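Input: a single structure, listed below in structure tokens.
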Amino acid sequence: MVFARRVIELMLLRRGPQDMPGDSTTLIGCAAAYCILLFLQVGLLLPAGAAALQAGLATALLALYVRTVLRIRQLPNRFNQTATALFASGATLTLVMLAPTHVMAPYLQALGEASDPQSVTMPPSFVTLSYVAMGLWGLAIYSHIYRNALDGSLWLGVGAAVAFEVLLLLAFSVLG
571 MVFARRVIEL MLLRRGPQDM PGDSTTLIGC AAAYCILLFL QVGLLLPAGA
621 AALQAGLATA LLALYVRTVL RIRQLPNRFN QTATALFASG ATLTLVMLAP
671 THVMAPYLQA LGEASDPQSV TMPPSFVTLS YVAMGLWGLA IYSHIYRNAL
721 DGSLWLGVGA AVAFEVLLLL AFSVLG
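For the sequence shown, the working numbering begins at 571 and goes up steadily by one.
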């Protein structure tokens, strides 16, 4: 219960990664929850094998990315708490996004198969808006976590969060 409260406060930008537990057990549990929920979300759009690959790759890349940016800033001792904060908040956001993803799945699949994207019927506006709002909220949370973990400015936090998303896009585009 205390951990859930910390995650909620982190996601409301009231706490930072320094307020998260630093033990390996919590980190591994949060990474596993993140990976499983990401698999469920991506599984709404892709076959199970591809969803498992993307979820596993995203989880591994996040851990590697966090370790790398913290080492660059000479703050490797912050890895467990920072990664726990990112995995826990990412898992929570992914859980919340399961319903909108389920509603958008037919649209996204039709869009991928359509020869004329203009002919595809749009999903309900509130679903699209919730998707965008969650994405922006996620960016704010991740930027907040990176800013605190890296002892930097807001822009450093935003840059670190956006750079990870670009890394993911590049990795997934290479995979096809």
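Glycine residues also receive a C-beta, built at the ideal position from the N, C-alpha and C atoms.
Everything numeric in this text was worked out from a predicted model, so none of it was measured.
By how many angstroms is the C-alpha of residue j removed from the C-alpha of residue i?
{"i": "I598", "j": "S685", "result": "43 Å"}
{"i": "G592", "j": "G705", "result": "27 Å"}
{"i": "A730", "j": "Y716", "result": "7 Å"}
{"i": "Y701", "j": "L668", "result": "10 Å"}
{"i": "Q624", "j": "A661", "result": "15 Å"}
{"i": "A620", "j": "V612", "result": "8 Å"}
{"i": "A675", "j": "F573", "result": "32 Å"}
{"i": "N650", "j": "T638", "result": "13 Å"}
{"i": "N718", "j": "E683", "result": "42 Å"}
{"i": "I711", "j": "T691", "result": "32 Å"}
{"i": "A622", "j": "T595", "result": "22 Å"}
{"i": "A603", "j": "R648", "result": "21 Å"}
Just curious, the alpha helix (DSSP H) that residue i is in, first and last residue?
{"i": "L645", "result": "Premise fails: L645 is in no alpha helix (DSSP H) and is neither H nor E."}
Do residue j and residue i come within 8 Å of each other at the CB atom, strictly closer than that value?
{"i": "T652", "j": "L640", "result": "yes"}
{"i": "L724", "j": "L631", "result": "no"}
{"i": "T671", "j": "L614", "result": "yes"}
{"i": "P693", "j": "V666", "result": "no"}
{"i": "G708", "j": "L663", "result": "yes"}
{"i": "R643", "j": "L720", "result": "yes"}
{"i": "S713", "j": "G727", "result": "yes"}
Measure the beta-carbon distance from residue i to residue j and round it to whole angstroms, keeping in mind my assumption that it falls under 8 Å.
{"i": "C605", "j": "T654", "result": "Contact flag wrong, Cβ pair sits at about 14 Å."}
{"i": "R576", "j": "M590", "result": "6 Å"}
{"i": "L608", "j": "T629", "result": "7 Å"}
{"i": "L681", "j": "P687", "result": "6 Å"}
Item to check | Continuous beta strand (DSSP E) assignments of at least 3 residues falling wholly in the region 580–637 | outcome: Here no run is fully enclosed.
Item to check | Every unbroken alpha helix (DSSP H) within the region 648–736, with a cutoff of 4 residues, ordered by chain | outcome: Listed in chain order, they are 649–683, 695–719.
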